[in-house]
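> Let me give you the structure first, and then I'll get to my questions.
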Amino acid sequence: MPIERRPLREQIKDEILDRLGRGEFDPDQPINETVLATDLGVSRTPLREALIGLEREGIIVSERGRGFRFAPMSAQEFRDLTTIVAHMESLALEVSEPEYLISIAPRLLEEARAFSAPEAEYAVLERYDDAWHDLLLSGCPNERLMDLITSLKLTMRRYERVIIGDQQVLERSAEEHERIAECVQAGDIDGAVAALKVNWNSGMERILERLDD
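Quick note on full-length UniProt numbering: the sequence shown kicks off at 1 and runs consecutively.
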């Protein structure tokens with residue numbers, strides 16, 4: 001794991017979240033601190049600090065005398081996460097400079113129309129969706145807000161990967177991103193925010209249908 005100029009516990013935390021998002025850990029899986037520390041190439045002290053931080057965020061849970069384990073999954077938690085991310089992304093859009101948003105609107109619209117398939121493999125959809133939303137929010141000046149959004153999205157990935165799997169085809173509304181881009185292009189940020197929330201809510205419902213199955 002490459003070392004960066006920031007607290008090691010934060011680097012470890014991000015690495016665990018990345019692996020969680022890639023589906024390398026199962027829900028309710030116990031965490032062997034010795035094995036994980038060796039795998040990451042770190043000592044147990046910063047690893048434990050990272051695990052305590054993840055526990056505060058609800059990513060993992062601890063049991064007296066039994067150590068840490070990844071939190072079990074539930075439909076309600078996924079709803080909660082999606083609601084939080086939708087509101088955070090809406091806030092990031094609201095605090096972005098309107099002139100900048102208008103300047104990237106043609107590209108947002110072009111990319112939305114280029115990927116207009118009504119369904120796609122999850123792995124493909126994930127890459128496109130992440131890149132499109134990153135572009136939409138690229139003018140947000142609040143770095144801390146963007147860090148929180150990224151962290152929560154990684155947490156959501158464990159649901160999506162467990163429920164769906166990379167190769168499964170997932171239905172999508174190809175018009176939702178177009179609607180957001182059209183509002184941005186027209187300078188209607190309130191409309192873009194409303195359309196963004198619709199996009200998150202409809203995506204959530206499509207995934208929860210798989211969870212119910």
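Note that CB positions come from ideal geometry on N, CA and C, so glycine has one too. Small disclaimer: the values here were computed from a predicted structure and weren't measured.
For Pro-46 versus Ile-12, is the C-beta distance shorter than 8 Å?
As a first step, residue 46 must be located in the sequence shown, where it is residue number 46. As a first step, residue 12 must be located in the sequence shown, where it is residue number 12. Yes, the pair counts as a contact, with Cβ atoms nearer than the cut-off.
> Using a Cβ-Cβ cutoff of less than 6 Å, which residues in the same chain neighbour Leu-154 once the five nearest sequence positions on both sides are dropped?
Taking the sequence shown and counting its residues from 1, the one referred to as residue 154 is at position 154. For Leu-154, where only same-chain residues beyond five positions count, the Cβ hits under 6 Å are Leu-17, Gly-21.
> From what residue to what residue does the alpha helix (DSSP H) around Val-85 run?
In the sequence shown, counting from the first residue as 1, residue 85 sits at position 85. From DSSP, the alpha helix (DSSP H) with Val-85 extends over 75-94.
> What whole-angstrom Cβ distance do residue 257 and Ile-60 have, given they're in contact under 8 Å?
Here the chain comprises residues numbered 1 to 213, so residue 257 is not present and cannot be evaluated.
> Buried or exposed for Val-95, please, with buried defined as at least 16 other CB atoms from any protein chain shown within 10 angstroms of its CB.
Within the sequence shown, residue 95 is the residue found at index 95, counting from 1. Answer is exposed; the Cβ neighbour count stays below 16.
> Where does Gly-65 fall in DSSP's three states?
Taking the first residue of the sequence shown as position 1, residue 65 is located at position 65. Here Gly-65 sits in coil by DSSP.
> Taking DSSP as the reference, what is the three-state secondary structure of Ile-149?
The residue given as residue 149 occupies position 149 in the sequence shown. In this structure, Ile-149 counts as helix in the three-state DSSP scheme.
> Taking Glu-121 as part of the alpha helix (DSSP H), name the residues at either end of that continuous run.
On the sequence shown, residue 121 is found 121 positions in, with the first residue counted as 1. Note, Glu-121: premise wrong, no alpha helix (DSSP H); beta strand (DSSP E) at 119-121.
> Could you give the residue range of the alpha helix (DSSP H) that holds Val-184?
Along the sequence shown, one-based indexing puts residue 184 at 184. Residues 175-185.
> Please name the residue in Glu-77, Leu-170, Arg-66, Arg-44 whose C-alpha comes closest to that of Glu-33.
Translated into positions along the sequence shown, residue 33 becomes position 33. The residue with the shortest Cα to Cα distance from Glu-33 is Arg-44.
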